[in-house]
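Inspection log for the structure reproduced underneath, given as structure tokens.
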Amino acid sequence: MSESENMEEEILAIDFMGYMFTQQYFKKYWFASNELRKLAEWWKFDEVIRKGWTPDEMVALMDDAGVDKHCMMQFKMKSYKEDRIIIDVTDEEMSEVIETHPDRFIGFAGINPLKGMDGVRDMERGIKEFGFKAAYLHVYGFNIPIDHRRLYPFYSKCEELGVPVSMQVGHSAESMPSEHARPILLDNIALDFPGLTIVGTHTGWPWCEEMIAMAWKHDNVYVGMDAHMPKYWDKSLLTFVKTRGQDKVLWGTNGPTAFTHDHILPQVHELGLKHSVKKKLLRDNAVRVLGL
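Under the numbering used here, read the sequence shown as residues 166 to 457, first letter to last.
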């Protein structure tokens, strides 16, 4: 094995974009919703999540894949069709998993704009009392744009607390309108909250050029390179990763559902990235953004 290959093996990746993974989680939320169950069947991961993973099993899989930490979003998802909350992970549910391996799992506090200032206080509680390192927004089912005034108190609180906010941008795989999360809408948020670190996840596809423009324009905007297999990454984004954007990109899986660590990470190693670039993508940028 060459010296360069040995060097690459030393990179312990941080999965910046993931979810809960236990059987209890999938049973309570995914299989209790016809909408989510059908999505899992469509993406052909319904049998995988039917069993789920224990925390120990997940850590073992991470070890095998070369993943140091798995970030878990406290998902707050509203169904656009059914007009009801279909995923509402609690602080306690998240904490119960994190406490099994606090050096391996990182929590992101969920954002529910329907709850107004009560939602802001809920988010703050997760950060202050449960030690969550960031906030997370999945806006689509709420049917408001990511720069809507209802969300500004959440962004303001994150800026005040000094924690980043991560949000899905680009299209929605669920039966929800995608237009509300076009990456160009990050422009207003970044301008209004210059002290807030913002991560647009899921690569922003199919509006990848907008995502690149926002990350290049604003010091406080980053791109989440997740939810799409690396071998299919948009060519413009891959160039951004390799060149001027190497300090502004964060690797993740958006799993473990359709995308598991052992499935996605090897594809990153096949992209022909310089070791220094790969280290930033897989680890260093996440360490800096999360203050680890």
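The C-beta atom is built at its ideal place from N, Cα and C for all residues, glycine as well.
Asked, Found
"Paired residues, beta bridge with Arg249 - DSSP", "Ser244"
"Three CB pairs or more closer than 8 Å across the stretch 231-244 and the stretch 214-222", "no"
"Paired residues, beta bridge with Thr366 - DSSP", "Gln333"
"Boundaries of the beta strand (DSSP E) in which Phe181 is found, first to last residue", "178-183"
"Residue nearest to Glu339 in terms of C-alpha spacing, selected from Trp195, Leu204, Gly231, Phe196", "Leu204"
"Whole-angstrom distance between Leu447 and Ile263, CA atom to CA atom", "21 Å"
"Burial state of Arg347, where buried means 16 or more other Cβ atoms lie within 10 Å", "buried"
"Exposed unless 16 or more other CB atoms sit within 10 angstroms - verdict on Leu279", "exposed"
"Three CB pairs or more closer than 8 Å across the stretch 350-367 and the stretch 326-334", "yes"
"Contact belief for Ala451 with Ile179 at Cβ below 8 Å, rounded distance in angstroms", "4 Å"
"Between the CA atoms of Ser401 and Ile252 - distance to the nearest angstrom", "34 Å"
"Buried versus exposed, by CB contacts within 10 Å (16 or more), Trp207", "exposed"
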